[in-house]
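Taken in order, these protein sequences are the chains called A and B.
Under the working numbering, the first residue of the first sequence is numbered 4, with each subsequent residue one higher.
Under the working numbering, the first residue of the second sequence is numbered 10, with each subsequent residue one higher.
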Amino acid sequence: MSTPEQEAKPLENGEGEGGDPSGFLTDILGSDVTVKLNSGIVFTGTLQSVDGYMNIALEGAREYLDGYAVRQYGDSFIRGNNVSYISAGKSPNLKN
Amino acid sequence: MPSEPLLPLELIDKCVGSKIWVLMNGGKEFVGKLLGFDDYVNMVLTDVTEIDPIEGKTQLVKILLNGNNICMMIPGGDGEEVWEE
Numbered sequence: 004m005s006t007p008e009q010e011a012k013p014l015e016n017g018e019g020e021g022g023d024p025s026g027f028l029t030d031i032l033g034s035d036v037t038v039k040l041n042s043g044i045v046f047t048g049t050l051q052s053v054d055g056y057m058n059i060a061l062e063g064a065r066e067y068l069d070g071y072a073v074r075q076y077g078d079s080f081i082r083g084n085n086v087s088y089i090s091a092g093k094s095p096n097l098k099n
Numbered sequence: 010m011p012s013e014p015l016l017p018l019e020l021i022d023k024c025v026g027s028k029i030w031v032l033m034n035g036g037k038e039f040v041g042k043l044l045g046f047d048d049y050v051n052m053v054l055t056d057v058t059e060i061d062p063i064e065g066k067t068q069l070v071k072i073l074l075n076g077n078n079i080c081m082m083i084p085g086g087d088g089e090e091v092w093e094e
């Protein structure tokens, strides 16, 4: 027997003001981002789109290995399973 | 009256707005303020310190952390204190 009070109340998850993941993504769409992969490779570029799998489309992507730029791409697609995190802005630790 | 058991996701929900310490599967750690999360426990963190056992610490303003490799989360934890012990 469960009373209405015992029923699972919906979690707020920090919804609103760009707090929850989808709100954050909406906020940073179109701006410069830093994407780190599980392998340690870092990409920067302009975030064009993201989907529920964290697949990412980057424009003007630059690839960094140990903080140094190694390659440049135009439009690029990153498969979401490789992504460790998406950070707003360009990381200051990256050279050139 | 005994208190209701706290579901895992309710525990995380209580941490929204406060500092948390996240341990990843590969041994990496993140410390930062939790702004929000979703059903996969992807997390939005701000004022983040990324702690890599090899590369050391990196400061990040705001990140969306993929929940796929999250192993453990400690409310109010401060990885740096433990790290320096």
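Every residue gets a Cβ at the ideal spot worked out from N, C-alpha and C, and that includes glycine.
Q. Does the stretch 29-37 of chain A come close enough to the stretch 46-55 of chain A to have 3 or more Cβ pairs within less than 8 Å?
A. Contact check between the stretch 29-37 of chain A and the stretch 46-55 of chain A: three or more CB pairs, one atom from each, fall below 8 Å, which counts as touching.
Q: Kindly list the residues whose CB is nearer than 7 Å to the CB of asparagine 78 (chain B), restricted to its own chain and excluding five residues on each side of it in sequence; keep chain order.
A: Excluding the 5 residues flanking it on each side, asparagine 78 (chain B) has same chain C-beta neighbours closer than 7 Å at Met33, Asn34, Gly35, in chain order.
Q. Which word fits cysteine 80 (chain B), buried or exposed, when buried means at least 16 other C-beta atoms lie within 10 angstroms of its C-beta?
A. Exposed: under 16 other Cβ atoms inside 10 Å.
Q. Which residue or residues does DSSP assign as beta-bridge partners of lysine 71 (chain B)?
A. According to DSSP, lysine 71 (chain B) bridges with B:Thr55.
Q.
Give me the residue from A:Ile81, A:Val73, A:Asp54 with the minimum Cα distance to glutamate 62 (chain A).
A. Each of A:Ile81, A:Val73, A:Asp54 was checked against the Cα of glutamate 62 (chain A), and the nearest Cα belongs to A:Ile81.
**Q.** Nearest to glutamine 68 (chain B) (by Cα), restricted to the options B:Ser12, B:Thr55, B:Leu44
**A.** Comparing C-alpha distances from glutamine 68 (chain B) to each of B:Ser12, B:Thr55, B:Leu44 shows the shortest one belongs to B:Thr55.
**Q.** Cα-Cα separation, glycine 17 (chain A) to proline 14 (chain B)
**A.** Taking the straight line from one Cα to the other gives about 21 Å.
Q) Closer than 8 Å, CB to CB, is leucine 74 (chain B) near chain A or not? A) By this cut-off, leucine 74 (chain B) is an interface position.
(Q) glutamate 66 (chain A) and aspartate 22 (chain B) - do their beta-carbons sit closer together than 8 Å? (A) No; because the gap between Cβ atoms is not below 8 Å, this pair is not in contact.
Q.
Excluding the 5 residues flanking alanine 64 (chain A) on each side, which residues of the same chain have their C-beta closer than 6 Å to its C-beta?
A. Taken in chain order, the residues that qualify are Phe46, Gly48, Tyr76, Ser79.
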